[in-house]
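Going down the list, the protein sequences come from chains H and E.
Numbered by the numbering used here, the letters in the first sequence go through residues 1 to 279 in order.
Numbered by the numbering used here, the letters in the second sequence go through residues 1 to 299 in order.
This report refers to the structure that appears directly beneath it.
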Amino acid sequence: MIFVSKKIFLLFIFFIANGFAQISLQQQFDYSNNLFNQEKYFDAITELKRLQFFDTENIYSFKSNLLIGKSYKAGAKFDEAVKYFTLAEINARSDDELFNSKVLNARTNILRRTTKQSERILNDLMDDPKFLSKQNEIKYWCGWNYIFNDDWDKAYEIFNQNNLDTTLANLCKSVDDEMYSEKFAKYSSYIVPGFGQFYTGEYLSGALSLSWNVLFGYLTINSFIEDRVFDGIMVGNFLWLRFYSGNTQNAEKFAIQKNLQISNKALQYLQFNFAGERP
Amino acid sequence: MNYLRLLEMTSLKKMSSLFKSLLIVYFFFPLSYSQQIDFQSPQNIKLFANFLFCEKDYLRAVEEYQKYLQLIDDDSVQFKVAIGYSLMNDQTNALSKFGLIKKTSVFYDASKIQKLKSQFLINIDSIFYQSADLLINSNSIYSNNAYKLKNTSLLFFDKNLRSKENFLIPFGDDEKNKLSVFYNLKNNPPYKSETLAGIFSAIIPGSGKIYTENYGDGITAFLLTGLFTYLAYTNFEHDHPTRAWIFTALGSGFYAGNVYGSIASAQIFNAKVNFDFNEGVKLFLQEQNYFTPSYDFCK
């Protein structure tokens, strides 16, 4: 009887010993979490790294890596954030933990504009039968991925599916409607020099482009009419063709610039005025 | 009677067991408390700081080491703080931390040469040369390292270098080969004359660019200037003034651009010579760790 009691007693001591260690690790995690909530990200990372250093049994590996990743993300250190979210994925012990870390990884990739990588992560989640119940959330981030990839049309389609997010769907639609067609600007200028510039609202540039092309076109044709073939080739090659190709490139450049302005304006609106969840 | 004796013996056994249990409690209970991790104990702070240092997270490592130094005076940790700042390229802080190493410390000599390195990286000025001379003339084991750093630093200035033999004195054979090349390049840089480049291009369009080793541009300038000159001439000859003036304008533009471009090309060439030379010396110094000893604290 005494022998049995001794065994129980030793076990009791052992559990108490471990229990105390776990309590201090828990306290350390709570302290780090508190720092994170106070937006003291540098200190939070230090304390979480300290927790990881003393957590020899990796009890807090997932939680600490996830929170370090979040802290780096909040401090716009996206490369480090991705590293720690990936470590959290490796240490995830349940489907929910895996899902959370992968989604955060994808969101960070969206922010650092490595949209191919985020697309791959989100597609993997979409194809995983374990996460069938979370399809809407995955699609939501796919939509954001398209936004950051400047693919407003596809983003609209995703947000519009089953009314996933009508505010974002309407915004994407309006941005897509506002965008200039870069191809149209370029190819219309092939047909009528200066047309692409007029299309993008650059009237002076369009008028100048048209004038130069008319002048050098006239001189080239005139040279051929006067049997000055070599002159015609030179004027045509060095002046007319130069201004003609410059005009199409210029039209395309204007369309790209205008689209960038529209896109940036929309992203700025989303950053400061959109109330829903953002990457 | 036997029953009483048996009872007495059982009680004694029980007492003995109880005593043993109490002994176990006496030894194990404090042990259980000791399992509660004291994250802020000096030893644990130092262990964690070492871990951060080896992870190359120098900013946090330095912060932890400084926390440790508030509790315990440790010159090796003080030295690591300074090295940490130096590795983060925060040379101003590194300099002040190396300055805190006491004369009695085993790291004193090492801190002197590290301090010189920091001064070099902040600015190569009179303070750097004063410190270098002090170290060179001292009995430090690093006096020759200081001599090497001082001589190499001279390569960054336009001043005339001392004689080659004197310049190469502190260096070993391998270093001598490389520094000999740098020395020759410094004394006779392969510059191109801007004036010559301009004159060449004024006489034969494009030749100035060829002189500055810009062959493609040189040939293009020669062909285009020649072509437009010919076209202008032939159009004037055949009484086509509009085209003639257009080609004259184009030819003149290319001619003037070719002269100006050749001068600019010579300037760019010379700037590249300087840039390549300075980068070469910097790379050499980095490879040599600025003639300071390297430390591996993470073995």
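We put the beta carbon where it would ideally sit given N, CA and C, even for glycine.
Keep in mind the model is a prediction, meaning the values are calculated, not measured.
- Taking 8 Å as the Cβ-Cβ cut-off, the stretch 47-67 of chain H approaches chain E at LYS49, ARG50, PHE53, PHE54, given in chain order.
- With respect to ALA266(H), VAL192(H) sits apart: the two C-beta atoms are not nearer than 8 Å.
- For TYR41(H), the CB contacts under 7 Å within the same chain, skipping 5 residues up- and downstream, are SER71, ALA74, GLY75 in chain order.
- Taking the CA atoms as reference points, VAL77(E) sits about 6 Å from TYR65(E).
- The beta-carbon of ILE37(E) is placed less than 8 Å from the nearest beta-carbon of chain H.
- For PHE254(E), no Cβ of chain H is located within less than 8 Å of the residue's own Cβ.
- Taken in chain order, the whole alpha helix (DSSP H) runs of length 4 or more contained in the stretch 117-201 of chain E are 126-136, 143-153, 164-168, 173-187.
- The contact set of ASP227(H) on chain E, defined by CB atoms closer than 7 Å, is empty, because the minimum CB distance reaches about 10 Å.
- Near chain H, meaning a CB-to-CB distance below 9 Å, the residues of the stretch 207-240 of chain E are LEU224, LEU227, PHE228, LEU231, THR234, ASN235, HIS238, HIS240.
- By the neighbour-count criterion, in which a residue is buried when 16 or more other Cβ atoms sit within 10 angstroms of its Cβ, GLU89(H) is buried.
- Nearest to LEU95(E) by C-alpha distance, out of GLN288(E), GLY218(E), GLN119(E), is GLN119(E).
- The DSSP-derived three-state label of CYS298(E) is coil.
- In this structure, LYS258(H) lies away from TYR187(H), with their beta-carbon atoms at least 8 Å apart.
- Taking 8 Å as the cut-off, the beta carbon of GLN114(E) is found closer than this to the beta carbon of ALA82(E).
- Listed along the chain, the chain E residues whose CB falls inside 9 Å of the CB of GLN28(H) are ILE37, PHE39.
- Counting along the chain, the unbroken alpha helix (DSSP H) around THR108(H) starts and ends at 95-111.
- Within chain H, not a single residue places a beta-carbon under 8 Å from that of PHE297(E); the smallest gap is close to 16 Å.
- DSSP places SER262(E) in the uninterrupted alpha helix (DSSP H) bounded by 241-287.
- The CB of PHE51(E) comes closer than 7 Å to the CB of PHE53 in chain H, given here in chain order.
- For MET179(H), the nearest beta carbon of chain E is not closer than 8 Å to its own beta carbon.
- The beta carbons of GLY196(H) and THR248(H) sit about 7 Å from each other, so the pair counts as a contact at 8 Å.
- Interface annotation, ASP79(H): not in contact with chain E, CB-CB separation never under 8 Å.
- The C-alpha of TYR84(H) is placed about 35 Å away from the C-alpha of LYS117(E).
- Boundaries cannot be given for VAL192(H), as no alpha helix (DSSP H) includes it and DSSP labels it neither H nor E.
- Excluding residues up to 5 positions away in sequence, GLY218 lie with their Cβ nearer than 6 Å to the Cβ of ILE210(E) in the same chain.
- In this structure PRO205(E) is buried. Its beta-carbon is surrounded by 16 or more other beta-carbon atoms within 10 angstroms.
- Check the Cα spacing between SER223(H) and each of ASP133(E), ILE246(E), ALA202(E), THR225(E): the tightest is with ILE246(E).
- A distance below 7 Å between beta-carbons, with the five flanking residues on each side excluded, links PHE254(E) to the following residues of its chain, in chain order: ALA221, LEU224, THR225, PHE228.
- Separation of the CB atoms of ALA110(E) and PRO293(E) is rounded to 6 Å, and the pair is thereby assigned contact status at 8 Å.
- By the criterion of a C-beta distance shorter than 7 Å, ILE263(E) is surrounded in its chain by GLU194, ALA197, GLY198, once the five residues flanking it on both sides are discounted.
- If you look at LEU67(H), you'll find it in the alpha helix (DSSP H) that goes 61-74.
- Here the C-alpha atom of GLN271(H) lies approximately 19 Å from the C-alpha atom of LEU164(H).
- Secondary structure at ASP150(H): coil, using DSSP grouped into helix, strand and coil.
- Within chain E, no C-beta atom comes less than 8 Å from the C-beta of VAL214(H); the nearest is roughly 15 Å away.
- Residues ILE138 of the same chain have their beta carbon placed closer than 6 Å to that of MET126(H), with the five preceding and five following residues left out of the count.
- Within chain H, the residues placing a beta-carbon under 7 Å from that of PHE48(E) are ARG50, PHE53, ordered along the chain.
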